[in-house]
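A.B. asks: Position one of the sequence shown corresponds to residue 94 (the numbering used here), numbered consecutively onward.
Just so you know, even glycine gets a beta-carbon here, dropped at the ideal spot from N, CA and C.
Have a look at the structure that comes next, please.
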Amino acid sequence: MVDKSIEELEERVKTLMKEHGDEPGFPQLSDFDIDEDALNDYFFDQKIVVDPMETAKKTYTVYGLVLIMPVVVFSMFPGDEKYLFIGLAIGALLCLCLYLFQNWRKKRHERALRESGAGRFVEAVLRVTKDE
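Structure follows, in structure tokens:
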């Protein structure tokens with residue numbers, strides 16, 4: 094399920110472009126070196142970044158495998174139960190590293206979208222219509 098606020102923002106920006114696109118002072122796509130396709134790609138990328146429900150099953154599967162793999166590896170060594178706990182600790186640490194890496198990558202992608210020409214155009218459109 095896609096976040097409704099992104100869809101509402103897309104609809105709002107496109108409606109404002111149709112209604113006020115010819116008015117002087119209204120931001121133009123050419124001012125930001127983008128075209129209609131780049132704007133559509135921007136909104137598509139925003140939907141992908143914000144859509145956690147679609148990838149939740151995949152994410153939990155990956156975390157489960159990362160958590161269990163060290164336990165499986167340590168179970169191959171003969172010994173006592175301490176290897177089980179060592180494997181779980183290593184798996185939990187790897188899950189934490191994976192989580193931090195994924196969050197860092199997501200934030201970097203969101204920042205790149207905001208700083209792109211399409212992101213600056215959307216902000217300019219919302220700023221101009223907010224002042225009215």
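Measure the alpha-carbon distance for residue 148 versus residue 154 and round it to whole angstroms.
C.D. replies: C-alpha separation (whole angstroms): 10 Å.
A.B. asks: Of all Cβ atoms in chain D, is any one closer than 8 Å to the Cβ of residue 165?
C.D. replies: Among the protein chains of the structure shown there is no chain D, as only one such chain exists.
A.B. asks: In chain order, what residues of the same chain lie with their CB nearer than 7 Å to the CB of residue 185, ignoring the 5 residues before and after it?
C.D. replies: Same-chain partners within the cutoff: 160.
A.B. asks: Mind pulling the alpha helix (DSSP H) runs of 4 or more residues that sit fully within the stretch 154-223?
C.D. replies: DSSP runs (the alpha helix (DSSP H)) wholly in the stretch 154-223: 175-208.
A.B. asks: Check residue 101 in the structure and name its three-state DSSP category.
C.D. replies: The answer is helix: DSSP assigns residue 101 an H, G or I state.
A.B. asks: Buried or exposed for residue 182, please, with buried defined as at least 16 other CB atoms from any protein chain shown within 10 angstroms of its CB.
C.D. replies: Classification of residue 182: exposed, given that the 10 Å Cβ count is below 16.
A.B. asks: Between the C-alpha atoms of residue 218 and residue 126, what's the straight-line distance to the nearest angstrom?
C.D. replies: When rounded, the distance between both Cα atoms is 15 Å.
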